[in-house]
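Residue numbers (our numbering), protein chains in the order written: chain A, 234 to 667; chain B, 5 to 431.
Contents: one structure, followed by commentary.
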């Protein structure tokens, strides 16, 4: 029913002008994708500018001067999907352009869509819609407003917000403490000319990668090369690495009050583990054992035994060596929850790890990693993370290394994990009602 | 072993269907080369089924709101502890969700499929509920309810249903309220279980690279009931085609107001492919009216009245149907005015056939894209199956869609009198 399965792996095609092109071949999916990433350092002077310019680029390019024309174009390509935006990975701010289109064999005309898709992205990124030698002023003003709405609207998702807020307060003196969309003040200060100059400089100098997934023909490589040779680039900007080692002198505590029914307790930890360290694999297992699923100590003790929370988990920010434990609890249960959470960490430190917990954690991590393969976007994100960290794992080698982690390795990692910040999002009315 | 094979050659898809003597169907949708295996065991029982006649009884039974969801939580508890632990020992991820119309139990794994599958089949068939565990679950679900109470998007969404519906239970939250779940007892949970968890009211699906014959054999061996059940009579209160109220507002801490609006639709008595045809028609119409290439979207965006959070959808179930669209907006009322104006204008001017052709193609492309995801395939398949239709039949319906039909649907669905608006904003 389907052609022979293609072995999917990351394959570097070539590098040109500081842009590296990779291919991940597959024939399982109904669609192909093109992902383009530009990497910058997180920096307070440029964070809002970087957040803003992709949304202005999304408004129009050569030949397709507005949203309507762009979308007509996408609809004609069988509902192709295009988007762009930014992500924060450790102390990097990454500008991401994404295009997904139906594989040629399912389109009626049997046309080649790759060239159209790639050309479209090149136009979006390098040939924006201009007016009087700068961006379209109207687009810039509208997108500034949209960006401000994003910044102000952060509090709508309380779970996400409380975790981000915990990390931000924890790293307020480090680049990682910056919110990737900037602040209202930073956005207000941006003028059209300043933004356009910034865009030109960054797009010409930021190190970049292109990932193409799905089906690709040989002639496509030549096509990409030719298109990239038309792009003007300057010498590539240098990237800093994330600061990972920071000694905690005292645990900081913060509280925000909002009109909420459920309080959010977030505890931020420093792991002092770099993702390229050998200890990283043990950290993954430690985190899984502590709060990475239903088998984990947190889920079992905070939710199942004490009935304190509907959700409780531990998550890693591996690029920066941080861990957060997040939970949604009743306001009056803060101390109890905190105590049970810290007790679970101590249990691991003292080696109270059952065979079941250990085995279940290894297996659950393996399932998680291997499952990434069924999504083109996750596969790309996996390899992007490898590039950022300077590591060379495949899903298979990662699983192998995780399997070699011993209980002693876990205890060693757990010993180095340090609580840094406790953040509590609680109700405004609580004090009055008590 | 008897089973059917249904093929869709042009799109590289097929599925196998096997019927157990109890009336239970099992569907296997092979996805060659995929690593994950995704299996579900679901029942056609959701939050709207709060009044029914138990087979063999004559009087209707009314149960507290949120009970289907509560039962979902409780099924994970087994005589010898939580079944989650057993799944976890196999490294798989079990989960479950309750919607208005279904309760679905599932797991995804990469290894040891048949061991996992056995667990799924067993735990769903063997409830073990105690008074103590019911009381403890009330605390956990209480936290879940509170979590959703703090989610402004979720609130705006459910408030719209309250504005549209006067009596139909779709107007109530799936998880119920702290008060309604306080009334739930072990006995009522068992009563609901006995009524709705009969195999003839259930479905099993497996999506992934598996051996379908082995799956069917396992189902054959693990399903404990063989007798067919009598029909469950579901009772829904009388609901007029008019909306309950045209505007509903809730005050919550949000920086930008969040809104959802839509049309109540009474055309839900459809059968077979008609269901797919109607659904596609309304989705394409929504794109024609306010999709990203429409005149209205451009105007709304240029006036900063909507942003990229703007989304739209259409739901069609056995006893209700509605369209819904919205997102963040500084002025939801103005959005509503502009939508109203555009509908009136289009009704006068008529729809554009070229627009329709392009958006139909785009919609089909987006449907094909959904077939990349095991989760999406499974979820859509289950939902449609309980309505008596098959997911892949969409493809043929797309190819047969006619412009005349959608102009008729446009006139009937987009009726300004049946439009409601829900807004969540700061005081």
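We put the CB at the ideal spot given by N, CA and C, even for glycine.
Predicted model only: the values in this text are computed from it and were never measured.
I'd like to know if residue 95/B contacts chain A, where contact means its C-beta is closer than 8 Å to some C-beta of that chain.
yes
For residue 80/B and residue 625/A, I'd like the C-alpha separation in whole angstroms.
40 Å
Rounded C-beta distance between residue 516/A and residue 577/A? I'm assuming under 8 Å.
With a Cβ gap of about 16 Å, residue 516/A and residue 577/A do not count as contacting.
If you measure from the CB of residue 77/B, is any heavy atom of the ligand ZN nearer than 7 Å?
The ligand ZN is not part of the structure shown, which contains no ligands of any sort.
How would you list, in chain order, the residues of chain B whose beta-carbon sits under 7 Å from the beta-carbon of residue 543/A?
144, 147, 148, 151
Interface flag, residue 637/A vs chain B, CB-CB below 8 Å:
no
From 8/B, 331/B, 323/B, 21/B, residue whose alpha carbon lies closest to that of residue 105/B:
323/B
Let me know if residue 281/B comes out buried or exposed under the rule of 16 or more other beta-carbons within 10 Å of its beta-carbon.
buried
Exposed or buried, which one is residue 399/A when buried takes at least 16 other CB atoms within 10 Å?
buried
Using only the alpha-carbon positions, how far apart do residue 582/A and residue 410/A sit?
29 Å
Alpha carbon of residue 330/B to alpha carbon of residue 380/A, nearest angstrom:
18 Å
Which chain A residues sit within Cβ distance under 8 Å of residue 113/B?
600
Cross-chain neighbours of residue 373/B in chain A, by beta carbon under 8 Å:
263, 264, 312, 314, 333, 335
Touch test, the stretch 642-660 of chain A against the stretch 482-489 of chain A, Cβ-Cβ under 8 Å, three pairs minimum:
yes
Which two residues bound the contiguous alpha helix (DSSP H) that contains residue 271/A?
Not the alpha helix (DSSP H): residue 271/A falls in the beta strand (DSSP E), residues 264-274.
Could you tell me if residue 244/A is buried or exposed, where buried requires 16 or more neighbouring beta carbons within 10 angstroms of its beta carbon?
exposed
Chain-ordered residues of the stretch 247-266 of chain B with a beta carbon less than 8 Å from chain A
256, 257, 258, 259, 260, 262
Is the shortest distance between the beta-carbon of residue 89/B and the beta-carbons of chain A less than 8 Å?
yes
Does chain A have any CB closer than 8 Å to the CB of residue 311/B?
yes
Just to confirm, is the Cβ distance from residue 297/B to residue 308/A under 8 Å?
yes
With a CB to CB cut of under 6 Å and the five nearest residues on each side skipped, what residues in its chain are close to residue 388/A?
394
Residue closest to residue 182/B, alpha-carbon to alpha-carbon, out of 226/B, 73/B, 379/B, 350/B:
73/B
Rank 522/A, 355/A, 497/A by C-alpha distance to the C-alpha of residue 461/A and give the top, closest one.
355/A
Residue 223/B in three-state terms, based on DSSP
helix
Within 10 Å of its beta-carbon, does residue 255/B have 16 or more other beta-carbons around it, so buried, or fewer, so exposed?
exposed
Is residue 10/B helix, strand or coil by DSSP?
strand
If we cut at 8 Å on Cβ distances, does residue 540/A have a partner in chain B?
yes
Since residue 308/B meets chain A, which of its residues come closer than 8 Å, beta carbon to beta carbon?
375, 378, 379
What residues in the stretch 239-259 of chain A have a beta carbon less than 7 Å from any beta carbon of chain B?
none
Can you give, in chain order, each stretch of the beta strand (DSSP E) that sits fully within the stretch 56-80 of chain B and has at least 3 residues?
64-66
Any idea what DSSP makes of residue 377/A, helix, strand or coil?
helix
Which whole-angstrom value describes the C-beta separation of residue 32/B and residue 20/B, a residue pair presumed to lie in contact below a C-beta threshold of 8 Å?
5 Å
Per-residue DSSP class, three states only, for residue 664/A
With a pLDDT of only 49 at residue 664/A, under the threshold of 50, the placement of this residue in the model should not be trusted; the figure read from the coordinates follows. Looking at residue 664/A - three-state DSSP - the assignment turns out to be helix.
Given residue 485/A as reference, the closest of 281/A, 367/A, 402/A, 575/A once Cα atoms are compared:
402/A
Closer than 8 Å to chain A by CB, residue 40/B:
yes
From residue 379/B to residue 368/B, what does the alpha carbon distance come to, in whole angstroms?
19 Å
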